[in-house]
Each structure stands twice: as structure tokens, then as C-alpha cells.
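Scroll down for the structure; my scribbles are underneath it.
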Amino acid sequence: MTGKREPIDLDLFRASGALVPEPAASSVAETTPAAPAVGRQEGEQAGGHWQWSGHDMPRTHRYPTELLEALEDRTSRLKLPVGLTVAAAIASLLDRSDEELEAAVRKAHAARPPRFGRR
Numbered sequence: 006m007t008g009k010r011e012p013i014d015l016d017l018f019r020a021s022g023a024l025v026p027e028p029a030a031s032s033v034a035e036t037t038p039a040a041p042a043v044g045r046q047e048g049e050q051a052g053g054h055w056q057w058s059g060h061d062m063p064r065t066h067r068y069p070t071e072l073l074e075a076l077e078d079r080t081s082r083l084k085l086p087v088g089l090t091v092a093a094a095i096a097s098l099l100d101r102s103d104e105e106l107e108a109a110v111r112k113a114h115a116a117r118p119p120r121f122g123r124r
């Protein structure tokens, strides 16, 4: 390892054997509008289960090495697709109240070592 931090490209539905969820016919749209900050999200059903439109947006984010190693270890041990596991985790976080989500972010921020830099 060179010590240089490279961004990690996390493609949730790459062709690594992960199955892309089949969207309901009514949820497929040409564009996905921005989700409101509070309240039920458009992709979420009344029963509390998330649906995806079948569209995805590639994003690059930086994650702590330890977090990615733990994700890889756990999904490998449980034989779960990484992309769907991450999607489930994000959906679970978005189901929390604003206060609970803010508390989780504060906890993660406090756990970051100083070398990560504060943004």
C-alpha cells in the first residue's frame, strides 16, 4: 500500500452475481425526482419496504478501510451480495427519524481519526 488514498467506486448493482431487484410496473419512471428531506420517500411503499426504479447512479465516495473490510468479511461469510447489503443498510438508515440519523452521523464523525481530516 502506497499510503495514497484513492476514492473507492462502489457500484451497488455491478455484475458480480448480485441480483438487481425487479421494479414494480408503477415504480418505473424516466427520471427519479429528488427525495424530500422529511417524510415518506417516493421509492418507499406504504408497508415500509423500499422499491427501486431500475435506474441507478454511479457515485464515488471515500469509506474507511476498516468499514469496507468489515463489509467484505460479513457479506462473504453470509454469502450476501455486497451491493444489495449496502442498499439495505442505506434504506435502513433512511427509515430512521431525522434525529436518529443525525445521532448516527455524529457517532460516526466522532469515531473518525484525526488523519481523516475534517470536512
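Per my numbering, residue 6 is the first one in the sequence shown, and the count goes up by one each step.
Virtual Cβ for every residue (Gly too), placed ideally from N, Cα, C.
- Between V91 and the set L72, S58, A108, A113, the nearest pair of CA atoms involves L72.
- Distance check between M62 and each of K84, D103, G88 places G88 closest, using alpha-carbon atoms only.
- If you draw a straight line from the Cα of R101 to the Cα of W55, it comes to about 13 Å.
- Taking a C-beta distance under 8 Å as the contact criterion, L98 and A109 qualify as a contact pair.
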